[in-house]
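Engineer: My questions all concern the structure below.
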Amino acid sequence: MTSIRLRGKGVSPGIGMGELTLSESALFTVRRESISAAAVEGELRRLRKAVERTRNELVRLKQEMKGNMGEEHAFIFDAHLLILGDRSLFDSIEQTVRGEKVRAEWALTQVNQKYQELFDAIADEYFRQRKSDVSDVLARIAANLKLKKKRRTRKGQAKREVLVAHEILPSEAAIRLSGGNVLAVATDMGGPTSHTAILARSLNIPAVVGLHNITQQVKNGDFIIVDGTDGEVIINPPPAVRKEFLGKKAKYDHYIRELKKTARLKSVTLDDVRFFALANIELPDEVEMAFSYGAEGIGLFRSEFIYLQSASLPNEEDHLAAYSRIAKAAYPAPVYIRTIDIGGDKTLPQLKIEKEPNPALGLRAVRFSLRHKDLFRVQLRAILRASALKNVRILIPMITEVEEIGEVKLLLEEAKKELDKERVKFDRQIPFGVMIEVPAAAAITDILVKEVDYLSIGTNDLIQYYLAVDRSNEFVSYLYKPLHPSVLRVIRFIIQTALREGKDVAVCGEMAADPLSALVLLGFGLRKFSMNPIFIPRIKNTLRSVELKTVEKVVEEAMNLKTAQDVEELVIERILAKHPKAFLLGQVM
Ligand code: PEP
Ligand code: MG
């Protein structure tokens, strides 16, 4: 048997191995079939019945999933029920049946294709991935158009296996991955923000996606190793390779046990200075996973995702459902809900947004919200309504000038008045803060901070704008340096200015997840670090291994250096000399 090695994108770390099962979903291989004009009404009735069957099925699956796995994994079915209720989607299907006089199956494939193209045109990876939810729902309707009932598999029969598929549709992922029998996942398609990837991470199932054609290179029963940490897949490995990966797996599993121990430890430095590890999340589903990694709150909820749960614009209830779910799950820990950061390159299919010549400098985030006030009001009302438990906070992205804060506050006050009139409960004192991501805002931190309760530094954007280096352009990535002396000066200024005013300040960009940078930030006075939850244990480990006094001295010395490399070398050398365990977990990842 020949052994094959393939490279993809590791989206859920760890190593899984075993016999593989190919999951085939050939739901969209139907041919065009015409019908007579007289048969159109009958065909539409058949379609509506299938939609009804699909609705009942989704409600049942949601209940089953809730029972087996808890509320968080049932959420996917809420999203699908929302899509199923979307009028414009179904108008398109019915119009296709009517206009082209074709079978409903063909209309479903046509509309699916149209939506896939719309989604493909979206530059943002995360948004693009949501197209599989629409496919998922349409595929389910297609299956329900067949009169024969699908046999339901009985629980407990499945063997432990590695799942290999072209693409795992979200609801299929929710059902199959949560059954406890899947050792690992490998797919042709997909990206790190697909539901499959998110679910795999939260269930600790190693996964590699984007393998292009693995489904054409394997057959049922082949032995497969999936290395989700390195993004590698090996089909039918020779015994020596199998042994090597068994060793790697044991090491990784040990590492995870150590990480999880760290996750539960208190966030204090060696000299007992308290810091806070918070989580950045993009889906309500991620909240429990974040806490299992030791998060002490949700430091950043990127609320853009809500726009993808429905093919039409989300309404206040859609927003509210997501925010309440997170607020309840996190309670009493705080949840910072960032208002949408769309516009620029993150366009939405539901809105006709004009193409901009320079999207990164365009109508993005709060600029977009202040241009589309009707959408913004809906979001602000929902955030207020979700704040009744008093653990919700507002965060406004991409503030450039103080006038924007005034405008947002005015809208917020109007929303509060409306809710008062409607006798709806909310947190009257809801804390209000802004992100510092634009250099101009950084330079007037002293002015802005007086207008708000706290600041959150979005280093991903702040560094890109400060150094004039596109954060996603590989040609200039060599210049993207969080430890560049200019970046350090501006970040120190923001942190120290906020603290002098007695205001809270956090960092919620990737910089907070890097052990070396986190030490520098600690030295500047930062105590709130918000990051992708999987990095929380290693940052906790680093900060728990050091004395603040030492770090402050090292960082002070580093501020006199000329280059990022000098800073890096000095901090590593000095910290390791005093605290040899500081980068223990950081080096393994
Ligand atoms: C940032 O810019 O650092 C940030 C946290 O926001 P986003 O990555 O969503 O732009
Ligand atoms: Mg940003």
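Numbering of the sequence shown is given in our numbering, commencing with residue 1 and proceeding in unit increments.
Every residue, glycine too, gets a C-beta built ideally from N, C-alpha and C.
1) Please report how far the alpha carbon of E414 lies from the alpha carbon of L395, in whole angstroms.
2) Looking at the C-beta of L313, does it have a partner C-beta in chain D at a distance below 8 Å?
3) From I405 to L448, what does the alpha carbon distance come to, in whole angstroms?
4) Find out if the Cβ-Cβ distance for the pair R264, G294 is shorter than 8 Å.
5) Output the distance between the C-alpha atoms of Y454 and V408, rounded to the nearest integer angstrom.
6) G210 to A165, Cα distance in whole Å?
7) Return the CA-CA distance between F301 and I457, expressed in angstroms with no decimal places.
8) Please name the residue or residues paired with R338 in a DSSP beta bridge.
9) For M591, list the residues DSSP reports as bridge partners.
10) By how many angstroms is the C-alpha of V137 removed from the C-alpha of E286?
11) Taking the alpha helix (DSSP H) that F524 falls in, what are its first and last residues?
12) How about G458: is its Cβ closer than 7 Å to a heavy atom in the ligand MG?
13) Answer yes or no: the CB of L521 versus the heavy atoms of the ligand PEP, is any distance below 7 Å?
14) Does the ligand PEP have even one heavy atom less than 7 Å from the beta-carbon of L363?
15) Given this structure, state the Cα-to-Cα distance separating S387 from G297, to the nearest angstrom.
16) Should V134 and L163 be called a contact, given that it needs their Cβ atoms to be closer than 8 Å?
17) Does the distance from the CB of A518 to the CB of L488 come in under 8 Å?
18) In terms of DSSP beta bridges, what is L203 paired with?
19) Name the two residues that bound the continuous alpha helix (DSSP H) containing N460.
20) Ends of the alpha helix (DSSP H) at D318?
21) Suppose only complete runs of 4+ residues qualify. What are the alpha helix (DSSP H) ranges in the segment 360 to 404, listed by chain order?
22) Who are the near neighbours of L380 in its chain, counting only those whose CB is closer than 7 Å to its CB and skipping five residues on each side?
23) Rounded to whole angstroms, what's the CA-CA distance from R151 to A143? Just pull it up for me.
24) Between the segment 247 to 265 and the segment 513 to 529, do at least 3 Cβ pairs fall closer than 8 Å?
25) Span of the alpha helix (DSSP H) holding K549?
26) If we call anything under 8 Å between Cβ atoms a contact, is I235 one with V218?
27) Would you check if the distance between the CB atom of V392 and the CB atom of I383 is smaller than 8 Å?
28) For a test of the three-state rule: what should DSSP assign to V137, helix, strand or coil?
29) Using a Cβ-Cβ cutoff of less than 6 Å, which residues in the same chain neighbour V434 once the five nearest sequence positions on both sides are dropped?
30) Can you check whether the CB of K481 is closer than 8 Å to the CB of A558?
31) Within the same chain, show all residues whose beta-carbon is closer than 7 Å to that of T497, passing over the 5 residues directly before and after it, in chain order.
32) Say the cut is 7 Å; is the CB of P397 nearer than that to a heavy atom of the ligand MG?
33) Among residues of its own chain, excluding the 5 on either side of G343, which ones have a beta-carbon nearer than 6 Å to its beta-carbon?
34) Using 7 Å as the cut-off, classify the Cβ of E437 as near or not near the heavy atoms of the ligand MG, replying yes or no.
35) If you reduce the DSSP assignment to three classes, tell me which class G179 lands in.
36) Out of I205, Q113, L283, state which residue places its alpha-carbon closest to the alpha-carbon of R160.
Structural biologist: Well, looking at it:
1) Counting from 1 along the sequence shown, the entry for residue 414 is found at position 414. Counting from 1 along the sequence shown, the entry for residue 395 is found at position 395. Approximately 18 Å between the Cα atoms of the pair.
2) Structure shown: chain D not included; a single protein chain is present.
3) Counting from 1 along the sequence shown, the entry for residue 405 is found at position 405. Counting from 1 along the sequence shown, the entry for residue 448 is found at position 448. Using only the alpha carbons, I get a separation of about 8 Å.
4) Along the sequence shown, read from residue 1 onward, the residue named residue 264 stands at position 264. Along the sequence shown, read from residue 1 onward, the residue named residue 294 stands at position 294. Their beta carbons are under 8 Å apart, which means R264 touches G294 by this criterion.
5) Working through the sequence shown from its first residue, we reach residue 454 at position 454. Working through the sequence shown from its first residue, we reach residue 408 at position 408. C-alpha separation (whole angstroms): 15 Å.
6) For this step, residue 210 is matched to residue 210 along the sequence shown. For this step, residue 165 is matched to residue 165 along the sequence shown. In this structure, the straight-line span from the alpha carbon of G210 to that of A165 is close to 11 Å.
7) For this step, residue 301 is matched to residue 301 along the sequence shown. For this step, residue 457 is matched to residue 457 along the sequence shown. Distance from the CA of F301 to the CA of I457, rounded to the nearest whole angstrom, comes to 14 Å.
8) As a first step, residue 338 must be located in the sequence shown, where it is residue number 338. Beta bridge pairing from DSSP links R338 with R302, L395.
9) Residue coverage of the chain in this structure runs from 1 to 589, which leaves residue 591 outside it and unanswerable.
10) Here residue 286 refers to the residue found at position 286 of the sequence shown. Here residue 137 refers to the residue found at position 137 of the sequence shown. Each residue's alpha carbon lies about 22 Å from the other.
11) Translated into the one-based positions of the sequence shown, residue 524 becomes position 524. Residues 515 to 524.
12) On the sequence shown, position 458 is the one that residue 458 refers to. Checking the Cβ of G458 against the ligand MG gives yes.
13) Counting from one through the sequence shown, the residue named residue 521 turns up at place 521. Every heavy atom of the ligand PEP is 7 Å or more from the Cβ of L521, so no.
14) The sequence position of residue 363 within the sequence shown is 363, counting from 1. False, no ligand heavy atom lies under 7 Å from that Cβ.
15) Position 387 of the sequence shown, counting from 1, holds the residue named residue 387. Position 297 of the sequence shown, counting from 1, holds the residue named residue 297. Approximately 15 Å, taken between the alpha carbons.
16) Position 134 of the sequence shown, counting from 1, holds the residue named residue 134. Position 163 of the sequence shown, counting from 1, holds the residue named residue 163. Not closer than 8 Å, so no.
17) In the sequence shown, counting from the first residue as 1, residue 518 sits at position 518. In the sequence shown, counting from the first residue as 1, residue 488 sits at position 488. Not in contact: A518 and L488 (Cβ atoms no closer than 8 Å).
18) The count along the sequence shown starts at 1 and reaches residue 203 at position 203. According to DSSP, L203 shares a beta bridge with no other residue.
19) As a first step, residue 460 is located in the sequence shown; it is residue number 460 there, counting from the start. Secondary structure note for N460: its alpha helix (DSSP H) is the uninterrupted segment 459 to 467.
20) Position 318 of the sequence shown, counting from 1, holds the residue named residue 318. DSSP places D318 in the uninterrupted alpha helix (DSSP H) bounded by 316 to 330.
21) Runs found: 365 to 371, 373 to 386.
22) Numbered from its first residue, the sequence shown carries residue 380 at position 380. Excluding residues within five positions, the ones whose Cβ falls inside 7 Å are L411, L412, A415.
23) Position 151 of the sequence shown, counted from the first residue, corresponds to residue 151. Position 143 of the sequence shown, counted from the first residue, corresponds to residue 143. Note on R151: pLDDT 41, under 50, position unreliable in the model; no value is reported.
24) The answer is no - the segment 513 to 529 does not touch the segment 247 to 265, with fewer than three Cβ pairs under 8 Å.
25) On the sequence shown, residue 549 is found 549 positions in, with the first residue counted as 1. In the DSSP assignment, K549 falls within the alpha helix (DSSP H) that extends over 548 to 558.
26) As a first step, residue 235 is located in the sequence shown; it is residue number 235 there, counting from the start. As a first step, residue 218 is located in the sequence shown; it is residue number 218 there, counting from the start. Going by C-beta atoms, I235 is nearer than 8 Å to V218.
27) For the purposes of this step, residue 392 is taken as the residue at position 392 of the sequence shown. For the purposes of this step, residue 383 is taken as the residue at position 383 of the sequence shown. Yes, Cβ-Cβ distance for V392 and I383 is below 8 Å.
28) Position 137 of the sequence shown holds residue 137. Here DSSP, grouped into helix, strand and coil, assigns V137 to helix.
29) Sequence index remark: in the sequence shown, residue 434 carries index 434 (1-based). The residues are I396, I399, V452.
30) Position 558 of the sequence shown holds residue 558. Position 481 of the sequence shown holds residue 481. Result no, Cβ atoms of A558 and K481 do not sit closer than 8 Å.
31) Stepping through the sequence shown from its first residue, residue 497 is reached at position 497. Closer than 7 Å at the Cβ level, and outside the excluded window around T497, lie T445, D446, V449.
32) Locating residue 397 in the sequence shown gives position 397, where the first residue counts as 1. Yes, Cβ of P397 sits closer than 7 Å to a heavy atom of the ligand MG.
33) As a position in the sequence shown, residue 343 is number 343, starting the count at 1. The residues are L363, R364, F368.
34) Residue 437 sits at position 437 when you count from the first residue of the sequence shown. For E437, the CB falls within less than 7 Å of some heavy atom of the ligand MG.
35) Indexing the sequence shown from 1 puts residue 179 at position 179. Coil.
36) The residue given as residue 160 occupies position 160 in the sequence shown. The residue with the shortest Cα to Cα distance from R160 is I205.
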